[in-house]
Amino acid sequence: MKPERTDFREEFWKNPPPLPRGVELVRQEAVVVPRVGPGGASVYDLAELRLPEMRVPVLLGYRAPLFPVEVLNQREKLLALRDQLRQRDSDVRSLPAFRIPMLVTDSASSTVIDACEREELALVDLRGTFFLRTGNAFIRVQGNRPAKRTPREPLFHGKGCRIVRVLLQSPTTGWTVRALSEKTQTSYAYAHGVLKRLVLEGYVQRGLGTGLRLREPVALLNAWLESGRPTAISREGFNAPSTTPAQLKEGASLLVSQGIRAIFTLASALLPEERFVSGVPHGIYLSGSLEGAIHAFGLRRMTPHNFWVLRAEPAAETELGGVYFAQRLLPHGQGVALPQLALDFRQSGGRGTEQAEELVRRYAKALPLSDETR
């Protein structure tokens, strides 16, 4: 069962809801189930419901948000996993615990509760909603604790990252949601969700009469670097016989003459005074013909690789908050903005991490001073 919010399980146990009087939910053991496909896993929990008159073993599955049409499918997954666990734990000396399948969600509507009752599926949510029917126990409570919903829009990839790039580039600018949505070509609702999440996580603040502005620009940049989400969806290594500024300028001019869009990154996008370590690769983001880039820079398909051709995710192939946004003028062409450059170095491995840290320091040092209270 793949939750919509990957951190929801931790969120639930960090701030558990109020349960009906005399009811206690005790977590016992995590169960990790690999997902079909490349990587990832679903996490369930074995737990125990402690009632005044009995103790009920339960198998917890997490789904937030949860819709009525999903209840049957989630029940089948929980029952299938329960059967596998019973076989795994079977012992001739004792009977395995019979666990009640139970769903955990953020805010269950009355129709979700009805669906769970119909499918005989126990339920609990962050608002304190609780449903259980087993043996002589029947409990149905509609919770009323306010639920803090975390927006699901991504921050560090997709269109959400366009907004992050714009904010990092203009850390003192006050924005409206409408202005940012137009600047990044995202819908108003989408931009609102991203900004709400940034506010909840403490990176952005709402000022009286000043709009939305960055509160912690360096923290946001570091969070982006640590997210593990690269902008490039593919990366191909080549050997460039020469990476001098003159050769890079000639290659960039050839691409422009052919109508091929590209922008320098990695060592190719560093100003001379920004270079902190040696041995880091050069590179470009390319939005056109690979063969054209190979010809322009004289690239060879051989090692050692000192030149990378990157392909940005589709949402980042734009000047509206993407890799072509806030281009820096270099002696030999155009380079990505400094925050994007720091991320690319962080993702490059090797000594790129050190170069990324140096760029973050330079970003922090260049921030304008202000005596305004935050």
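Following the UniProt record's numbering, the numbering of the sequence shown begins with 1 at its first residue and continues without gaps. Even for Gly, the Cβ is constructed at its ideal location relative to N, Cα and C.
Neighbourhood of residue i by C-beta distance below 6 Å, restricted to the same chain and skipping five residues each side
i, result
"residue 398", "Limits of the chain in this structure are 1 at one end and 374 at the other, which puts residue 398 out of reach."
"V92", "Confidence in V92 is poor, its pLDDT being 46 and thus under 50, which makes the residue's placement unreliable; the coordinate value appears in the next sentence. Excluding residues within five positions, none has a Cβ falling inside 6 Å."
"Q347", "P230"
"S181", "Y188 and A191"
"G237", "H305 and W308"
"L255", "A262 and A296"
"L286", "A262, A293 and V309"
"V104", "F12, L60, Y62 and V124"
"L167", "L214"
"G352", "V280 and F345"
Cβ shell of residue i (< 7 Å), same chain only, five flanking positions each side left out
i, result
"residue 392", "No answer is possible for residue 392: it lies beyond the span of the chain, which begins at 1 and ends at 374."
"N108", "Reading off the sequence, residue 108 comes out as Ala, not Asn. Answer for A108: L66, L123, D125 and T129, listed in chain order."
"P68", "T111, V112 and A115"
"E354", "F276 and V277"
"P20", "F130, I139 and V141"
"R127", "P17, S107, G143, N144, R145 and A147"
"E119", "V71, L72 and R75"
"T6", "With a pLDDT of only 48 at T6, under 50, the local geometry of the prediction cannot be trusted, and the value read off the model is given with reservation. None."
Per-residue burial, residue i [other beta carbons within 10 Å of its own, 16 or more giving buried]
i, result
"M302", "exposed"
"T244", "exposed"
"P281", "buried"
"R162", "buried"
"M102", "buried"
"P217", "buried"
"W308", "buried"
"residue 409", "Within the shown structure, residues of the chain are numbered from 1 to 374, placing residue 409 beyond reach of any answer."
"G160", "buried"
"R88", "exposed"
"G288", "exposed"
"A366", "exposed"
"R165", "buried"
"G135", "exposed"
"Q84", "exposed"
"G209", "exposed"
"L195", "buried"
"L121", "buried"
"R9", "buried"
"A312", "buried"
"G39", "Legend: pLDDT at G39 = 44, less than 50; position of this residue unreliable, value from coordinates given subsequently. Classification for G39: exposed."
"V32", "exposed"
"L369", "exposed"
Candidates the options, of which the one nearest residue i by Cα
i, options, result
"V56", "S234, L208 and R133", "R133"
"A293", "N239, Y324 and T318", "N239"
"P146", "L359, A316, P18 and A356", "P18"
"E317", "A232, S227, G237 and R351", "A232"
"L310", "E117, A326, P154 and L266", "L266"
"R99", "R88, R82, L320 and G259", "R82"
"F297", "M54, H332 and E48", "H332"
"G350", "A315, L290, G279 and V323", "G279"
"K183", "F325, K14, G209 and M54", "F325"
"E226", "G61, G207 and F156", "F156"
"V323", "A315, L330 and D89", "A315"
"E357", "Q185, P339 and R197", "P339"
"V26", "F8, K14, P272 and A47", "A47"
"A41", "E117, M54 and Y62", "Y62"
"S242", "G321, L167 and L299", "L299"
"L329", "V43, L271 and G259", "L271"
Cβ shell of residue i (< 8 Å), same chain only, five flanking positions each side left out
i, result
"S110", "Q142"
"A252", "A262, F264, A296, H332, G333 and Q334"
"L79", "P101"
"Q28", "D45, L46, A47 and E48"
"G37", "With a pLDDT of only 47 at G37, under the threshold of 50, the placement of this residue in the model should not be trusted, and no figure is reported."
"V360", "V218, L221, N222, L225 and A342"
"L290", "E236 and V309"
"residue 387", "Any answer about residue 387 is impossible in this case: the structure gives the chain only from 1 up to 374."
"Q169", "F325, A326, A337 and P339"
"R362", "E274 and L338"
"L320", "R162, K183, T184 and Q185"
Contact with chain D by residue i, beta-carbon distance below 8 Å
i, result
"R88", "Here there is only one protein chain, and chain D is not present."
For the 8 Å Cβ check, are there 3 or more pairs between the region 205-216 and the region 172-185? Taking a cut-off of 8 Å on C-beta distances, the region 205-216 touches the region 172-185, as three or more cross pairs fall below it.
Can you check the region 64-139 for any beta strand (DSSP E) of at least 3 residues that lies completely inside it and give the ranges in chain order? Counting whole runs of 3 or more residues, the region 64-139 contains the beta strand (DSSP E) stretches 100-105, 122-125 and 130-134.
To test your reading of the DSSP string, which unbroken beta strand (DSSP E) runs of 3 or more residues are found completely within the region 207-239? Along the length of the region 207-239, whole beta strand (DSSP E) runs at least 3 residues long occupy 211-214 and 232-238, reported in chain order.
When the Cβ atoms of the region 219-228 are set against those of the region 295-311, are three or more pairs found closer than 8 Å? Fewer than three Cβ pairs drawn from the region 219-228 and the region 295-311 lie within less than 8 Å of each other, which leaves the two stretches out of contact.
What runs of the beta strand (DSSP E), each 3 residues or longer, lie entirely inside the region 17-65? Runs of beta strand (DSSP E) with 3 or more residues, each lying fully within the region 17-65, are found at 24-34, 41-50 and 55-62, listed in chain order.
Continuous alpha helix (DSSP H) assignments of at least 4 residues falling wholly in the region 308-360: Counting only runs of 4+ residues, the alpha helix (DSSP H) found wholly inside the region 308-360 occupies 338-348, in chain order.
Which whole runs of the alpha helix (DSSP H) in the region 237-288 are 4 residues long or more, in chain order? Scanning the region 237-288 for uninterrupted alpha helix (DSSP H) segments of 4 residues or longer gives 245-257, listed from N- to C-terminal end.
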